[in-house]
Amino acid sequence: MFTLMFIIEKILTNAILGLFFAILEKMPEWVVSKVLDSIGKKAEPVLPKGVMLFSPTCGDKAIDLAHQRLLISSAFGSYFTGLLEREQSYVYLKGQIVVSMPVERRGLEPIQSIYWALQYPRGPRVLIIAAEGGMGKSTLATKIIRCLYEEQAVDMILGDSAKTQRFDPISGTVIDIDPAYYDPQTFYETVYSQLGLPYKRGEISAKRAVQEIRNRIEGRHAIIAVDNLESVSQGAELLNVLRQIASRDTRVIITTRSVSGLMNGTTDILLIYLKPISEFSDAHNFLRWHIRTHADEHPGLLALEKDIEDKRKVGRLLKHTGGIPLLIQLVVSDIARFSWDYLDNLPHLFGKALLNFLYHERWLELGNLGKEGLHARRLLQFISSEQYRGKKITFERIRRWNEEINSDIPPQAGLQLLQERFLVVNHDPKQGNFAVFPSLAEFLRRQSPVST
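Next comes the structure, spelled out in structure tokens:
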């Protein structure tokens, strides 16, 4: 009798479980997730060491922004937009990336663990990339966005770059603004505009903004990017709003120089630190990438291909630059113009102080090159100004500018001087798509307008 009752109970249990899972299959995915979460959380999968979930080249392809380009360039500026549109704009340096969460201990490379965490349904939905200026925060952020695009995990880019300048569409001028001017309301205004929603400053609460933005992007796979969060007044408040907007289909990527006051009590954020380059292997890979990327504009770099195999020379370069990628690029460009003895003439400065010194020395050098140098100065200020207007700066646009100022100096001569000294970036070798580093744009704002 007992055996019969046991058999009947087992049959009924299996039938009920079968019916339960059959019903689950018909439910929306978010309902299933809630039900399973209430039953019990599954342990996150442990991955075998050395596994590659994504191709190492994932994110190397450029994104065709199509109809989104105007919205993206007006929000982020030409520099960030150009990084999205340029192929192979990032070189992976394993020793530079530090992942704060234990996902890195699963046997994945740091960059692989980032991709995995952003795609894992129960993983963190907000990614913060923290580092000092010149470390490549925006470059890494755009690499990640391009990879998610390539994997069809993203079909919409939203967000903004907190700037210390804004473009006045009526007067056509670029206006300096107090960094404290940029607050969460400014961010809402930008995103509402991108989504085609009406917005009136001061009348939208954070709660309402979260709801309306989430409703608008429902059914889309969106990535929300916030560049330069440290420039935002009440940055912690904006971060809290972004955490509420983030969902299973919406991820948030933030770059910042400081995480002070942002991480209190947060467990749903993946924090990435970028360290200075310290290992020879990383430095060698970075220098090789720099030479191959910029040799067309600065042919002298090719003469350094053998030199970067020398650990002693590379070690001296790291010592004088502190291992900061942007400083390495600027200094090695000067080594290509002069010699390795150039390192002995550098002052004992580091970080931003050394960066400003290098920009200042190059600016003075152009001033000593006569008419061509002054023309190059003026061209550099033009590129920087157009960048903040969100304009695409092509060869044709530069040619027309050259005619507008009635210059008899070929623009290519000025570009050559700038690319050798200031690393003016060209994202499109065929038609031209020029941009300057944000730190250079900041330096140029402090210089008087040039007239020739």
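In terms of our numbering, the sequence shown has 129 at position 92, counting the first letter as 1, and numbering is strictly consecutive.
All C-beta atoms, glycine included, are put in the ideal place defined by N, C-alpha and C.
Being a predicted model, the structure only gives us computed values, none of them experimental.
Alpha carbon of residue i to alpha carbon of residue j, nearest angstrom
| i | j | result |
| --- | --- | --- |
| G298 | D347 | 43 Å |
| P221 | L234 | 16 Å |
| R159 | L354 | 43 Å |
| F459 | A478 | 11 Å |
| F474 | D264 | 14 Å |
| I151 | D97 | 16 Å |
| T179 | A99 | 10 Å |
| H335 | D465 | 16 Å |
| V278 | L391 | 37 Å |
| Q125 | E240 | 43 Å |
| L195 | H327 | 30 Å |
| E187 | E274 | 32 Å |
| P236 | Q453 | According to the sequence shown, residue 236 is Tyr rather than Pro. Distance between the alpha carbons of Y236 and Q453: 45 Å. |
| T176 | Y116 | 10 Å |
| G359 | W377 | 16 Å |
| A190 | H258 | 6 Å |
| R329 | S230 | 40 Å |
| N439 | E398 | 25 Å |
| I260 | F91 | 19 Å |
| G410 | P384 | 24 Å |
| L102 | K131 | 29 Å |
| I165 | K467 | 34 Å |
| D286 | K343 | 47 Å |
| E457 | C184 | 30 Å |
| R437 | L395 | 30 Å |
| F317 | G469 | 34 Å |
| N463 | L455 | 11 Å |
| E433 | K408 | 22 Å |
| R238 | Y425 | 23 Å |
| S137 | P93 | 21 Å |
| S476 | K174 | 13 Å |
| A243 | E423 | 33 Å |
| L386 | S315 | 18 Å |
| N393 | W400 | 10 Å |
| G119 | G337 | 25 Å |
| R349 | V135 | 26 Å |
| G256 | K428 | 31 Å |
Contact set for residue i: own chain, Cβ-Cβ below 6 Å, skip 5 residues either direction
| i | result |
| --- | --- |
| L266 | G272, I291, T293 |
| I372 | Y379 |
| L311 | Q133, A168, M172 |
| I148 | Y129 |
| L121 | I100, T179 |
| L363 | G171 |
| E66 | Only weak support is given to the placement of E66: the predicted model assigns it a pLDDT of 42, under 50, and the question is left unresolved by the model. |
| I276 | According to the sequence displayed, residue 276 carries Leu and not Ile. Around L276: L299. |
| I435 | P448 |
| H357 | L380, L383 |
| L308 | S137, I165 |
Unbroken alpha helix (DSSP H) run spanning residue i, endpoints
| i | result |
| --- | --- |
| I345 | Element bounds for I345: n/a, residue is neither H nor E. |
| A165 | Per the sequence shown, residue 165 should be read as Ile rather than Ala. Counting along the chain, I165 falls outside any alpha helix (DSSP H), though it belongs to the beta strand (DSSP E) covering 163-167. |
| L477 | 475-482 |
| I361 | I361 -> no alpha helix (DSSP H), and no H or E assigned at all. |
| I181 | 174-187 |
| Q449 | 448-458 |
| K467 | No alpha helix (DSSP H) contains K467, which DSSP labels as neither H nor E. |
| G404 | 388-404 |
| L130 | Counting along the chain, L130 falls outside any alpha helix (DSSP H), and DSSP gives it neither H nor E. |
| Q156 | 147-156 |
| R491 | Outside the shown range of the chain (38 to 489) lies residue 491, about which nothing can therefore be said. |
Distance between beta carbons of residue j and residue i, contact taken as under 8 Å
| i | j | result |
| --- | --- | --- |
| V296 | A320 | Contact flag wrong, Cβ pair sits at about 26 Å. |
| D197 | T227 | 4 Å |
| I182 | A262 | 7 Å |
| L324 | A332 | Actually they do not touch by this definition, with Cβ atoms about 12 Å apart. |
| L145 | R288 | At roughly 18 Å, the Cβ-Cβ gap does not stay under 8 Å, so L145 and R288 are not in contact. |
| P313 | I282 | Not a contact, Cβ separation roughly 33 Å. |
For residue i, the first and last residue of its enclosing beta strand (DSSP E)
| i | result |
| --- | --- |
| G410 | Premise fails: G410 lies in the alpha helix (DSSP H), 407-425, not in any beta strand (DSSP E). |
| L308 | 306-311 |
| D197 | 193-198 |
| I134 | 134-136 |
Sequence-distant residues of its chain with Cβ nearer than 7 Å to residue i (five each side left out)
| i | result |
| --- | --- |
| I420 | I430, V461, F471, V473 |
| K389 | G170 |
| R253 | L232, L234 |
Sequence-distant residues of its chain with Cβ nearer than 8 Å to residue i (five each side left out)
| i | result |
| --- | --- |
| S284 | R162, R251 |
| H412 | S444, I446, A450, G451, T489 |
| L341 | L324, I328, V369, I372, A373 |
| L481 | L417, Q418, S421, V473 |
| G382 | What sits at residue 382 in the sequence shown is Asn, not Gly. Same-chain partners within the cutoff: there are none. |
| R280 | R162, V163, V289, T303, D305, I306 |
heavy atom of the ligand ATP below 8 Å from residue i C-beta
| i | result |
| --- | --- |
| L367 | The ligand ATP is not part of this structure, which contains no ligands at all. |
Would you mind listing the beta strand (DSSP E) stretches within the segment 212-289 that are 3+ residues and don't spill past its ends, in chain order? Within the segment 212-289, the complete beta strand (DSSP E) segments of 3 residues or longer fall at 259-264, listed in chain order.
Enumerated in chain order, which unbroken segments of the alpha helix (DSSP H) with a length of 4 residues or greater are wholly contained in the segment 312-338? Complete alpha helix (DSSP H) runs here, min 4: 317-331.
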